[in-house]
Amino acid sequence: MANDAANRAPYLLVLHGPNLNLLGTREPAIYGRTTLAEIDAALVRLAAQIAPRVEVRALQSNYEGALIDRIQQDGPAALGIVINPAAFTHYSIALRDALAAVGVPVVEVHLSNIHTREEFRHHSVIAPIAVGQIAGFGPSGYEFAVRYLLEQVQERTSTAV
Ligand code: DQA
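Last residue of the sequence shown? That's 160 in numbering that gives the first Met the number 0, and every number before it is there in order.
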């Protein structure tokens, strides 16, 4: 039906890369004790407060191709993409190309401050195609990213979404 697309709820895509399913137990001194489910639930609550019509569609995958498939499928119609590419940050040109191809704002998030860690973590192949990178603020970084993207949408449309 012609109106189906127009009636569908607007959404943000939130993507988590490899090993982030282990949050809560994975190197807690670096990544903290908050689980991925808790992070996603907080983002759903935050979006509901700021923009009640906006859904949060979250996916974690350990597979580059699964993330790319989801970016191709849900990226173009998303209001924006929040992504913690995890280790893919440092070398996945395929992920970068997929994000660049969709043409919606991308915010890169890292729980830890990658710039104070091992040298191989300092470089991000994603950062040049992102609006910005947030690193070192733990789970709050995802919240900053969601807040930023929703505020941008509200400014662009001058209406509440
Ligand atoms: C990370 C940092 C990456 O270097 C690492 O490979 C991760 C998590 C972060 O959130 O701090 O898996 O993206």
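C-beta atoms are modelled at their ideal positions from N, C-alpha and C, and glycine is treated no differently.
No experiment lies behind these values; they were computed from the predicted model shown.
> How about Arg146 and Leu45: are their beta carbons less than 9 angstroms apart?
Replying inline: yes
>> Between which residues of its own chain and Ala1 is the CB-CB distance below 6 angstroms, once the five residues before and five after are set aside?
In response: Confidence is the limiting factor: at Ala1 the pLDDT is only 46, short of 50, which leaves the residue's position unreliable, though a coordinate-based value still follows. When the five nearest sequence neighbours on each side are left out, no beta carbon in the same chain lies closer than 6 angstroms to the beta carbon of Ala1.
>> When you compare the segment 34-52 with the segment 8-19, are there three or more beta-carbon pairs, one atom per stretch, that lie closer than 8 angstroms?
In response: yes
> How close, in whole Å, do the beta carbons of Ile128 and Val108 come, if the pair is a contact with beta carbons under 8 angstroms?
Replying inline: Actually they are not in contact, since the Cβ atoms of Ile128 and Val108 sit about 15 angstroms apart, beyond 8 angstroms.
> Does any heavy atom of the ligand MG sit closer than 8 angstroms to the C-beta of Ile80?
Replying inline: Among the ligands modelled here, namely the ligand DQA, the ligand MG does not occur.
>> Any heavy atom of the ligand DQA inside 8 angstroms of the beta-carbon of Tyr62?
In response: Because no heavy atom of the ligand DQA lies under 8 angstroms away, the Cβ of Tyr62 does not count as near it: no.
> Asn112 to Ala76, Cα distance in whole Å?
Replying inline: 30 angstroms
> Mind checking Gly102: buried by the 16 CB within 10 Å criterion, or exposed?
Replying inline: exposed
> Does at least one heavy atom of the ligand DQA sit under 8 angstroms from the Cβ of Gly16?
Replying inline: At least one heavy atom of the ligand DQA falls within 8 angstroms of the beta-carbon of Gly16.
> Just the Cα atoms here: how many angstroms apart are Arg52 and Ala28?
Replying inline: 36 angstroms
> For Phe119, which residues from the same chain have a beta carbon less than 7 angstroms from its beta carbon, with the 5 sequence-adjacent residues on both sides left out?
Replying inline: His89
>> Just to confirm the assignment, what range does the alpha helix (DSSP H) spanning Gly64 have?
In response: Glu63 to Asp73
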